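Below is one structure, written out as structure tokens, with a few remarks after it.
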Amino acid sequence: MSTTTTEKTNRQGFKWSDYQGLPSTLCKGCGHDNITRNIIQAYFELGVVPSNVVKTSGIGCSSKTPAYFVHRGYGVNAVHGRMPSITLGAKLANYKLEVIGVSGDGDSASIGMGQFCHAIRRNLDMVYVVENNGVYGLTKGQFSATAERGAKSKTGEENALSDIDLCALAITLGGTFVARGFSNDPKQMLSLVKASVAHKGTSMLDVISPCVTFNNHEASTKSIHYVMEHDIHLNDLGFVAPWEQPVTDIKPGEAIDIPLPDGSHIVVRAVGKAFDPHDKFAALQVLEESRRKGEILTGLIYIAEKEPDFNTATKVPTDRPLTTMNEADCRMPREAFEKTFAGFR
Amino acid sequence: MSTTTTEKTNRQGFKWSDYQGLPSTLCKGCGHDNITRNIIQAYFELGVVPSNVVKTSGIGCSSKTPAYFVHRGYGVNAVHGRMPSITLGAKLANYKLEVIGVSGDGDSASIGMGQFCHAIRRNLDMVYVVENNGVYGLTKGQFSATAERGAKSKTGEENALSDIDLCALAITLGGTFVARGFSNDPKQMLSLVKASVAHKGTSMLDVISPCVTFNNHEASTKSIHYVMEHDIHLNDLGFVAPWEQPVTDIKPGEAIDIPLPDGSHIVVRAVGKAFDPHDKFAALQVLEESRRKGEILTGLIYIAEKEPDFNTATKVPTDRPLTTMNEADCRMPREAFEKTFAGFR
Amino acid sequence: MNPPETLTRPQTQKETRVTVNDLSIEVATVNGTGSQSANNIFAKSLFRMGIPISAKNLFPSNIQGLPTWFTIRVNKNGYTARKKELDWLVGMNAATWEKDVANLRPGAVVMWNSNELPEAPVNARGDLIAYPVPMADLLKPVQADAKLKKMLINMVYVGACAQLLGIEEAVVLQAIKDNFKSKQKAVEVNVQCFHAGMNYAKEKLEKRDPWRVERMDANGKKVLIEGNTIAALGALMGGATVVGWYPITPSSSLAEALIAFAKKHRVNADGTVRFVDVQCEDELASIGMVLGAGWAGARAMTTTAGPGISLMSEFIGFGYYAEIPAVIFDVQRVGPSTGLPTRTAQGDVRMAAWCSHGDTQHLVLHPGGPEECFDFARISFDLAEQFQTPVFVMLDLDLGMNFWMAEPPAYPTDAFKRGKVLTPEQLDQIKASGKKWGRYLDADGDGVPWRALPGNPHPDAAYFTRGSGHDEYARYTEDPEAYRLNMDRLKKKTETARAALPRPVLESVPGARIGIIAYGSTNNAMREARDQLVEHGLKTDYLRLRATPLPMAELEAFLKSHDRVYVVEQNRDGQMETLIRAEVRTPGLTEKLRGVRYYTGYPIDARSISDGIRNQERGA
Amino acid sequence: MNPPETLTRPQTQKETRVTVNDLSIEVATVNGTGSQSANNIFAKSLFRMGIPISAKNLFPSNIQGLPTWFTIRVNKNGYTARKKELDWLVGMNAATWEKDVANLRPGAVVMWNSNELPEAPVNARGDLIAYPVPMADLLKPVQADAKLKKMLINMVYVGACAQLLGIEEAVVLQAIKDNFKSKQKAVEVNVQCFHAGMNYAKEKLEKRDPWRVERMDANGKKVLIEGNTIAALGALMGGATVVGWYPITPSSSLAEALIAFAKKHRVNADGTVRFVDVQCEDELASIGMVLGAGWAGARAMTTTAGPGISLMSEFIGFGYYAEIPAVIFDVQRVGPSTGLPTRTAQGDVRMAAWCSHGDTQHLVLHPGGPEECFDFARISFDLAEQFQTPVFVMLDLDLGMNFWMAEPPAYPTDAFKRGKVLTPEQLDQIKASGKKWGRYLDADGDGVPWRALPGNPHPDAAYFTRGSGHDEYARYTEDPEAYRLNMDRLKKKTETARAALPRPVLESVPGARIGIIAYGSTNNAMREARDQLVEHGLKTDYLRLRATPLPMAELEAFLKSHDRVYVVEQNRDGQMETLIRAEVRTPGLTEKLRGVRYYTGYPIDARSISDGIRNQERGA
Ligand SMILES: Cc1ncc(C[n+]2csc(CCOP(=O)(O)OP(=O)(O)O)c2C)c(N)n1
Ligand SMILES: Cc1ncc(C[n+]2csc(CCOP(=O)(O)OP(=O)(O)O)c2C)c(N)n1
Ligand code: SF4
Ligand code: SF4
Ligand SMILES: [Mg+2]
Ligand SMILES: [Mg+2]
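Protein chains in written order, with my numbering: chain A, 1 to 345; chain B, 1001 to 1345; chain C, 2001 to 2620; chain D, 3001 to 3620.
Below you can see the structure in the form of structure tokens.
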């Protein structure tokens, strides 16, 4: 791809604008738009081929965002809560596609809870972003299942039920990559998105993403202000692409270098006490502890050492996508056909 | 209720046969039938009024069992995976009903996963039994989501995905009573069922219940034999009904006495190392550890100190069921009515 | 159309014709900018002058920043449907400005915020009456931050329009007060802005248009209300005690209104509430919960739209077959699929009638206006309990979310009809009479069995409810005859119910050979459409359907007595027409049917109906 | 009927009439007792003697211990429907024994395990031909544990029946070998038990019944196969590469057979498989996955039954509106709700046609026999991709899970019709020609747009698919006209598809004034029913529908050319009749329609059809 303009291109020769999408129609200041920006940036920096990108979503403000990035990629805005199943089909059909599913807390933690849980269990190679604002934005601000007990809605109602912690849930369900970010913390977000893309398996990214219209008031526990006050970084992440200079000066105990299957690395530096993101049990512990303290823990919370992704587990061919299978691939030969029927005689 | 026969009656004057149901149509030896027996026994001993019992279920062999106990109670065999929602409506409509929902691992961990998670979160005062056999019995033995990775089906297929641990899941989701039993261990089962009934909130009872027809073969990890070999009791439970002699000789550290709202007590004696079932975090830990060791941990795994049940949280009246609300209860007075409309002028 | 020479500046000659109390106003704005209260005050003021109006909000499926149109139809005849032709535009949205202006009919008024929108499109047309208002400038003296000013700007055009149209100032001031209630500060700034607009118009704008409003006495004790709100009141008065719901446009406001009313009118001294609502995790849970509550004996309901009905399909079939009362409000929006979530349609008519796999027939009510939203919401609980089955109440976005004039309903004094519920005493009597009660036994020959409620302690009362095969005594069976008999009884029950559903409403004129059939919100355009047809020399009779299964006698009589019958509906496939065709058996009748179908997402207008009929009549 | 004096012992006089190759056998047994292989061998042996047969399993919705009936119909004319009257009962189940005997017609044979079942019911009737067989005694010499013996006992009646009916021993022995394949031990004990029964009959039973079987040559190269199995082969040959499913009777065996075939015939050298199946967490996930795969460009399918379709409703509407290929096998069972899960019905016909909220019309295939199960399974993928929409293939439990004779299909050599998929080169050409491609643009005037597949790198290829409003270029829109135009195009697409669906099959005889319409598995009873009607002097023509939307020309012509037309179907509400009534427009035609409806869960029999028609003809 030749660049006649002066616009910067990435290693694959794509321009930043190749990763842009349509103008957002979300509210000004909506957290979701910040996430979109980081997704664009990550894909650009990683040099993902835009036409291989498949963007899926359910229904909600969050689920609209796939239209706002990588316009050269293919999108499906499915029905409410069913992003995971659409994504599963697309990726199994064509393993070459680079799939990212965007969902909301209503979309994934309420109506889509079943698909969320089973997506995590399946470990399809995909990025699964939950843009988590504690409310149903698009239907005007009802509480979602990630709203904390006692949180007050804009209209003053108090939430009677405790919140569902999607990270703890994903880890419990055997998730292989579980992280939490904050829409308004671009540095962390960018590393997280890149690592999510590089991870082979389902990368679950629970991003606290304030709804400035319906959940940004004082008594909210998901307002920009509240999250900024309570955001605790579990670790700092450095993402090193395969072509980038590896970090070599890691002193033992200071950081952990996690190599990913595609040749990239994540360098994880614990912020507080030492923490090994390979330790499932420690992960559940820090989540539970931060929960008790009322903190919002962000960072890479858990990454499995090695788990087969779903295409591998299901033995989908790796040389050609199923979409290309033709008559010869699909039909048994004439003799086998006749033998098969003879067997029913 | 007068007893003219010699059949033994309980404190409420009901006979054991009042708690019986129709003859089971399950396979001979099916674990589910053992659970049924313990439910009957528990209700009989607790003296629950049979006509107040509401038995709900989804679809599956397990979901058939409500027909096999408490024929004097009322049952609904709903659609597949939706037992929790039917139960929710019934209990909110009439808080006097003593509700027990029976489900299967297919019913709750696959199609009903969303309703399971939200039932746990809601903490409706109900007993939620999952009769867990790792397969879909009624559709002839396909793996369910609680089947362990590597488990072999009767037809020799290997399960590619890891299992969902319903106890860990329930604890993560804020469950207030989480226990695991084994259908063929009646002593433990009986205490667990009684405690479940006494607990005010959702008592989630994950009962490993072998399917003797489709999942009782050698390579199964849910066969009677396998479970007996791998069953590790986390604790021994003594259930003390309100009218029974309390256990007074508990030495500190030896056992924990948990009083329940209805005046009964559970006396929990740890079998291995000390374990406090109020400790959510310890609960997750023992589950994760036993999982790693390939053990099947049974007993009372977690019980919350105090959490409001859903009827309380939603402020349903406690003096009269909603089912009895009449015109006077429901209609605002004429003046209010007219004022309301005047407000729209 | 506009001759080329007028391209420079709108004509300024003064209108001499005067049109009183008949115009259609549109405010083109952006959602999330707070125009709502200004527009409500605008509409309310006209309404309080005793003039018939209706107000509609055409909004996008997003929260902020996209075009929204608020229309007020003022019509002395009481025509309340959307009017195709606009008389009066208030342009506030740069994004749609050109198109908004282009859509106007010649001679229409256009007022706009001249600080923001260019005059060029208006001038380009040259056939419009232009009222530029520098709204931002007028706001300058007002003490408010930028955010508030964005909202207040809307009061400026209310003021300017009030002045030009002759809306009584006192009425507007009262409406402002009522709108902001105790918030004195808000009242003050709003009044200030209103006056700014009013004074500007008084001083700077020369009235050149023909439209005037004048106090009338047409509204009596009527209220101005959204269908969802009045339906919520109907549900409250109808005894709904359990609501399970999941938010979805355009139904959420029905549930939310109901909850708010219940929190006000159903509270016990101890703080408990004689009502419970659960915002469920999805529609499957909502309907499951409602069926659980209905089974236990409560009056339970859910609110949803098409996608929710699709998701509920399995459970709705369960409700039919297991015979459980439930009320389902379907506030219809445009499908298929997500479709146009903020636009209106009558697109779920067929699905509601036959929802779920297997042989099912459901009871479906189609309120034709706000009064019936109240009534049908109320009686739906009676019907559900009397016939022990799910009952649909079909609204649509237009009826549910737009403002309608309504006669306030009479205070209901009738007793709840709770259907055939057995007490322990009745069970004793049955036993004493040597009979045996069966949950699904057709004891009365009407197909409607008796039920006992869970908790009933009578030894004969308990039973097991299931969606699988069962006999008259609720015992599991796969017996072929037991299955068939039960299905036949269910059919009989439906026939009994058919006779108990609201009858159709016939409006006839002597000598009409043409019939029209319509239902639901389409009704609101029908009087106007029929008047238009009369103007074109076509007399019509009108049969308004209010429920399915259909009233066969009335329907067939109507078909018999007309040469051609037009079924007017707001969907593509003629869904009600299909239901009619499926059931009419008398030879020679279905061939009289013709369809007039409107499906754009906008509420149907009278002209589309009368044109649709006239076009076909020409060919007939 | 039986005269009182014969009440003591069945009559013993020898029959002199001989009925060759025409009887209906029923084995009344208990499920989970392993009778299946014996019964399959029984049926297979008859089939291999060249005699037309069909075999049906009437089983309960549980796993073990409840009554099951296996019926074999032997009929030289090739009638394969269930026969109402039974000729030959093998009684093995104490629980149903009395009722089984009571159901027999006079003169029927009853063979039973006399070690277990009492003779009394047989004697009580006195009009039956009794063959008691002490099966347990006969098993005594056999070396096997109790569990195995329970299964082997079934081979005893196979032997006894074979002897009495004249089934060739060599054929049975071969069938036993084929059934147990390499398991030599199993073959041996089964043969032993077979011989035990055979010899007992030879030595102890005097043949007193008229029924004989004799070798014929009617079966040619035919196979004996379940509809689900042959449909699975159709799907395999049709290029299905992705299957998402959730187990549900009676559809599971379709998915399971397909998976087994794929594991055999689609394996690459490296162990990967050119096929993927996911047993999903539920039906919503199955259809979502299938739509995802279809969207990405794979041939994808799901298998389910009524409850699954209800759950899929929302997604199916999405597939229609977003225009995504998908194949949905609905193996119908008895509804509503859970209904009778192991019984057959044609109860989802209406739902499939119009599934989901809003205006939808789906393509639905109704195979009428096993050969069409193969063909329609195969072409459904062509249709789905050609028309970019969900396609239903409707089987039912009778067709899907019972054994049918089928002509083995010709090896398919035609190319997959993958529909309008654009390559980058084609996109270049479009661009070069100055045109602009639009995902939903009706470029060819047939309503069918072109699509590009995800991954297509052409700069013009990418687009965004959604279930909300979109214009010709797949851009989000709420524009009323864009919505209407798109809906009209979708309708046009359906019209194009209508013409491409399998045509109906007409069977006519000269001079028939009566027409019959049927479809699906009902077809299997139709030849017999029409022969019965001829016996009663009624000539009929028969139009077999194979797909909806309906073939209007053929259908209307058929209605025109007959005085009365009976729509025969296996549901209560006349679902196909409704579809017909909804679409037929020519005056005077729908009033010719009459319904014959059978809904008991049992497969329809010819007598119910011919009686149903005769009864109405009498009234006509
Ligand atoms: C089946 C169905 N039910 C309900 C809706 C209405 N609806 C649209 S978006 C939404 C919730 C979105 O919440 P979330 O996923 O948190 O997204 P957000 O808008 O907060 O980003 C709901 C309930 C729908 N579109 N479909
Ligand atoms: C909507 C729907 N899908 C599928 C089925 C078929 N079905 C019946 S039971 C069952 C699984 C039952 O498994 P589980 O809950 O584990 O119960 P078990 O029989 O093992 O006790 C399935 C899939 C159904 N009845 N309804
Ligand atoms: S409503 Fe909330 S979530 Fe939706 S776009 Fe606006 S700020 Fe974002
Ligand atoms: S199939 Fe399995 S689960 Fe079902 S009844 Fe038999 S043993 Fe129990
Ligand atoms: Mg949200
Ligand atoms: Mg199970």
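By construction, the Cβ of each residue, glycine as well, lies at the ideal position given by its N, Cα and C atoms. Quantities reported herein were computed from a predicted structural model and do not represent experimental measurements.
- Here Y3542/D is actually not in contact with M3552/D; their C-beta atoms are around 18 angstroms apart, not less than 8 angstroms.
- Listed in chain order, the alpha helix (DSSP H) runs fully inside the region 2247-2272 of chain C are 2252-2265, counting runs of at least 4 residues.
- Annotation: N1159/B to G58/A spans about 29 angstroms, alpha carbon to alpha carbon.
- Residue contact with chain C for C1330/B: present (Cβ-Cβ distance below 7 angstroms to some residue of chain C).
- Going by C-alpha positions, G1238/B is about 6 angstroms away from I1266/B.
- When secondary structure is reduced to three states using DSSP, P1317/B falls in the coil class, being assigned neither helix nor strand.
- When distances are taken from the beta-carbon of S2252/C to the heavy atoms of ligand 5, even the shortest one reaches 6 angstroms or more.
- Bounds of any beta strand (DSSP E) do not take in D3479/D, whose DSSP letter is neither H nor E.
- One Cα belongs to K3044/D, the other to D1163/B, and the distance between them is close to 42 angstroms.
- Around ligand 3, the residues selected by a Cβ distance under 5 angstroms to any of its heavy atoms are L26/A, C27/A, C30/A, C61/A, G137/A, C211/A, V212/A, T213/A and I2063/C, following chain order.
- When only Cα atoms are considered, G3434/D and V53/A end up about 27 angstroms apart.
- Taking a cut-off of 8 angstroms for Cβ pairs, the region 2127-2140 of chain C and the region 2053-2070 of chain C do not touch, as fewer than three such pairs fall below it.
- Beta-bridge annotation (DSSP): D3330/D is paired with T3304/D and M3394/D.
- When Cβ pairs closer than 8 angstroms are counted between the two stretches, the region 2596-2610 of chain C is seen to touch the region 3472-3484 of chain D, the count reaching three or more.
- Taking the beta carbon of Q1115/B as reference, the chain C residues within 8 angstroms of it are E2281, L2284, A2285 and G2288, listed in sequence order.
- For a cut-off of 8 angstroms, the C-beta gap from G3455/D to N94/A is around 6 angstroms, short enough to register as a contact.
- By the Cβ-count criterion, E3314/D is buried, with 16 or more other Cβ atoms from all chains shown falling within 10 Å of its own Cβ.
- Taking C-beta atoms as the reference points, P3307/D and Y1136/B fail to come closer than 7 angstroms.
- Distance from the CA of D105/A to the CA of T176/A, rounded to the nearest whole angstrom, comes to 20 angstroms.
- A distance below 7 angstroms separates the beta carbons of A2257/C and A2232/C.
- The three-state reading of DSSP puts S3054/D in strand, counting E and B together.
- For ligand 1, no non-hydrogen atom lies closer than 6 angstroms to the CB of T2229/C.
- CA-to-CA, the gap between T1312/B and T1318/B works out to about 9 angstroms.
- For ligand 5, a non-hydrogen atom lies closer than 6 angstroms to the CB of D105/A.
- At least one C-beta of chain A is nearer than 7 angstroms to the C-beta of Y3411/D.
- Spanning the alpha carbons of S2508/C and T2540/C requires a straight line of approximately 7 angstroms.
- Going by beta carbons, A145/A and G134/A fall outside the 7 angstroms limit.
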